[in-house]
Amino acid sequence: MTAQTPPSPPFRDPQLPTAKRIDDLLSRLTLDERVSFLHQFAPAVERLGIAAFRTGQEALHGVAWMGPATVFPQAVGLGATWNEELVHRVGDAVSKEVRAMRAHDDRVGLNVWAPTVNLLRHPLWGRNEEGYSEDPKLTSAIATAYTRGLRGDHPAYWRTAPVLKHWLAHNNETNRDTSSSSVRPRVLHEYDLRAFRETVEAGAVAGVMPAYNLVNGRPNHVSPHLDEQLRAWTDADLLVCSDAAAPSNLVDSEHYFDTHEEATAAALIAGVDSFTDHGTDSTKIIARLQGALSQGLLTEEDIDRAVRRQLSVRFRLGEFDPQYDPYADTKDFDTPAHRALAQEAAEQAVVLLKNDDDTLPLAPGTRVAVVGLLADECKVDWYSGTLIHRSTPLEALYERFGAEHVEFAEGVDRVRLRTSAGTFLHVPPAEDVPDVARGAEGALDPALLAGRTDLPALTADVNGTEFALIDWGEGLLTLRAPDGRYLSVAEDGYVRASADQPGGWVVQETFRLEPHGSQGSQGSHGNHHLLRHVGTGRHVSVAADGVKVADAQELPPEIFELIVAEQGEESVKRVAARADVVVVVAGNDPHINGRETEDRTTLHLPAHQQRLLDAARATNPRTVLALTSAYPYAVDVSDLPAALWTAHGGQAAGTALARVLAGDVSPAGRLPQTWYADDADLPDLLDYDIIGSRQTYLYFEGTPLFPFGHGLSYASFAYADLTAETEEENETLRVSFTVTNTGDVTADEVAQLYARAPESPVTRPRRELVAHRRVTLPPGESTPLSFELPLSCLEFWDVAIGARRLAPGPYELLAGASSEDIRARTTVEVTGTPSTPRPVHQLGLAAADFDEQSGAEIVDRTKVSGDAVTPAADGEAELLYRDCDFGPGVTEITVTVAGEGTVEVTVTGADGEPTATLTPPPTAGPYDYTTVRAPLTVVDGVHDVHLRLRGPLRLAHVGFSG
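Here our numbering runs 1232 ahead of the position in the sequence shown, where the first position is 1.
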């Protein structure tokens, strides 16, 4: 008798609706198994045949951390392409490589943590390289394209499951886990939420990751916006994955909760479904969840809700239907098509900033001097894969123009370090040691990768070694040995020439020269210095067994004399004098001065690189600046005939730059953010009120160095025939115009369409991007461009009604080549919805719904929900509420406050004197609110209300009655 095969459980039946399959699987899991699924590393359940699963695979511009992969341009470079079709293809290629790599390494995850949709509000943010743009419309367009590529095109199964980073209002690394972004309702709805919303609504997003920071006084990991906003935008289950260690931060650094059980329960209830904490060790999170259950802080229903969302993603990835998974046999990895795409993306990201007298492109036979610290570099960043292929500007220019036409000077300072004993630091020879690139083996957590100890430590001898010294700015130096390896420090504390590049979570290749004694007064290159290793904070000492870093109690620091054999600008001058054109390749190393955990302090080019640029320009007027950087610079290009910018362009960066310089490709990248002329143009890094502080191209009233959307071409373009019409019954705006290539070469143009409300009674953007399109045109050809837009693109968040509103009146439509290069304009009239006064007689005023503020911060009314307003630094704040309708009259005011201080209320028409002053009794804590009343002389009709807050109090609400 043949035994019958037991029937498959319903969760294995692909014919059933996914919701029923999840119900079935949930019912088969024990409570302990369900709880264990809530850690990033969910274990296997062997009795059910369920494999282990992890959330989180970095894939920002290629598969990261898991070894060799195709490396595309940085995200800000993809943003600079303004090309959704291209970025969709990049996302498609990345997701195929994820699948192909997973087939050989099950550490590679399918839940990809990309893209980053944080808006590039402030150019000093250390993670500027990770975002797409300062504009929410452009950001969402590029992010949507990337997520669609990552998702794949099968109607049921996803190739990978993208998670958007980092929710919400996150643009500072300084105190990133304790700082609070004060975000007024208009900025929240018109700016910060918008990039997330439009991307989620496009339907190719599996989830989001909350950011480390707080918003309006409340940590993002317990934000009510996760449910009230995010999950209201889609019917699909969204998986919310915490950022690394952020759940612990709720207690350890933010002190928002007293116990980890309270914090973990609050995060889960707020909407976090997967806890990334303590690396692969899930025991602590499991213990906290079980503790919260036993204390009654959580229910099984709370657990099941989160597990359901995770399982929903796993079902979409085809985990439970391997026989139907359309992506199971994906083998596309480092294919010729992917290499070509990496080059195409790098080429499309190049922005021509300036080109006087047609300096570019370079003519055949031009003698080119290629100089600068990045001229022979192909840099990667923290979220890059390991390069399989690499192209530097120097190599590519050699290939394009011929080695006989190209000369090179890196511009490093050539130095020796003499000890107090008269000897010099020396790099011993290393024989039969393998050449290993950092990260080549892949790692789930590359922060744990150790430095090399298989190479000999530095010693000191009578001759020493000449090092290449680079000053990256802000006193951070690297020292490179003649064999190309950087001085680095491993866990044993010895200094070795061991690193192929600076890198790592804690960079071990940077040093500071600290003047020592009365003779050390000649600046950073003076004669007597201590050499501090930045990664450990310790000074370099010379011991009998080698050079090491040590505390002063362990070993006295060595006093070095810096012997400069040649300043970098001298080599630059030599090659510049012999060239027809000098190309200065300047910029940043993505691991130094501006990166995750570290904001920049200035927009200016580091002094070492400015010296090289000045030397090149003084020697040869035909000097072209090629900036390769993760962020904008404030650099004076007035004396330069040409300048370009590109983000770090991945594996094909050098080839792309050379082809643009040679004219093989006409540049058509456009700036995705404003380039300010000086640090003085910037608001404080922690000022998130882009309206009040006039930030980004939307509100900036100064003159930028280069405006948002700027980028030149080797061709020229004309705009004509701009028309616009509204169909309010269909809530549609139709706009069309014609673009013509009036130049001599085939080129791309990025046509940009902006809108503005010139007669708005409230502060609106100077102009706001509503559409764009990148088109390719041969010489003399024209193309009509048509855009059908929802009228909602003209709306704003009306704080008086707590909703978006389309105001009546004229709207200008502006078509052009950048936000400031407008070539055509027209006006449409919109009926819209008229404003109505605030019904304060019935509803009062929510404190955070002000029209204007000065000196105020928004904070949390409770730890669960709601906003209040407090004076910054316990000082004084002013709030303005326009057009408040007091109806037939009010005779009493009430304020709901916590803390201590005073509230002065002035109603316009009261001769500027306070209508009422309220001094509530101090309350026990910031969440202990009291209501205080005061009489008013009868106030009726519509008036503006001014509030002045003094002292450390929190105002939640103002009411009127009588």
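Built from N, CA and C at the ideal position, the CB exists for glycine as well.
In the DSSP assignment, E1460 falls within the alpha helix (DSSP H) that extends over H1457 to E1460.
By the Cβ rule, the segment 1424-1434 counts as touching the segment 1464-1476, because three or more pairs are nearer than 8 Å. Nearest Cα to S1240 within the set T2102, G1281 and P1451: G1281. T1860 counts as buried, since no fewer than 16 other beta carbons sit within 10 angstroms of its beta carbon. Just measuring C-alpha positions, the residue of Y1559, V1638 and V1440 sitting nearest A1890 is V1638.
Membership of G1439 in the beta strand (DSSP E) is indicated by the continuous run G1439 to P1442. Within the same chain, and ignoring the five residues on either side of D1812 in sequence, the residues whose Cβ sits closer than 6 Å to its Cβ are T1598 and R1599. If the five residues before and after D1588 are omitted, its C-beta is found closer than 7 Å to the C-beta atoms of P1873 and A1874, all from its own chain and listed in chain order.
The straight-line gap separating the alpha-carbon atoms of G1749 and D1715 is approximately 33 Å. By alpha-carbon distance to M1298, the top candidate from V1344, D1724, L1270 and G1309 is V1344. For Y1630, the enclosing alpha helix (DSSP H) stretches over residues P1625 to F1633.
A straight line joining the alpha-carbon of D1424 with that of R1902 spans about 22 Å. Fewer than three Cβ pairs drawn from the segment 1601-1620 and the segment 1334-1341 lie within less than 8 Å of each other, which leaves the two stretches out of contact.
Bounds of the beta strand (DSSP E) holding A1952 are F1949 to E1959.
For S1720, the uninterrupted beta strand (DSSP E) segment begins and ends at Y1718 to V1721. When Cβ pairs closer than 8 Å are counted between the two stretches, the segment 1553-1570 is seen not to touch the segment 1917-1924, the count staying below three.
Q1785 carries a coil assignment under DSSP once its states are collapsed to helix, strand and coil.
Under DSSP, S1412 shares a beta bridge with L1446.
Scanning Y1726, G2107, V1971 and V2060 for the CA closest to the CA of A2049 turns up V1971. Apart from the 5 residues on each side of it in sequence, T1928 sits with its Cβ closer than 7 Å to the Cβ of R1353, E1366, T1906 and I1922 in its chain, given in chain order. For I1923, the three-state secondary structure derived from DSSP is coil. A straight line joining the alpha-carbon of E1631 with that of A1438 spans about 44 Å.
Closest in alpha carbon position to Q1272, among A1478, A1307, F2118 and T1964, is A1478. In this structure the segment 2117-2133 touches the segment 2149-2166; the number of beta carbon pairs closer than 8 Å is three or more.
Residue burial is scored here from C-beta neighbours: Q2074 has fewer than 16 other C-beta atoms within 10 angstroms and is therefore classed as exposed.
Under the 10 Å beta carbon count, N1973 is surrounded by 16 or more other beta carbons and is classified as buried. Non-local beta-carbon contacts of K1805 in its own chain, meaning distances under 7 Å to residues more than five positions away in sequence, involve A1847 and T1851 in chain order. Residue nearest to L1985 within the set H1760, L2168, R2005 and M1441 is R2005 (criterion: CA-CA distance). With a beta-carbon spacing of about 12 Å, Y1863 and L1837 fall beyond the 8 Å limit used to define contacts. In this structure, the CA atom of G1924 is about 21 Å from the CA atom of N1445. Non-local C-beta neighbours of G1617 in its own chain, meaning closer than 6 Å and more than five positions away in sequence, comprise G1294, V1295, A1296, A1301 and V1303, ordered along the chain. Taking a C-beta distance under 8 Å as the contact criterion, A1401 and V1440 do not qualify as a contact pair.
Per DSSP, K1252 has no beta bridge partner at all.
Of all alpha-carbon atoms in S2097, A1393, R2180 and V1308, the one lying nearest the alpha-carbon of V1583 is that of V1308. With 16 or more other Cβ atoms from the protein chains shown falling within 10 Å of its own Cβ, H1760 counts as buried. Within the segment 1281-1335, no run of beta strand (DSSP E) at least 3 residues long lies entirely inside it.
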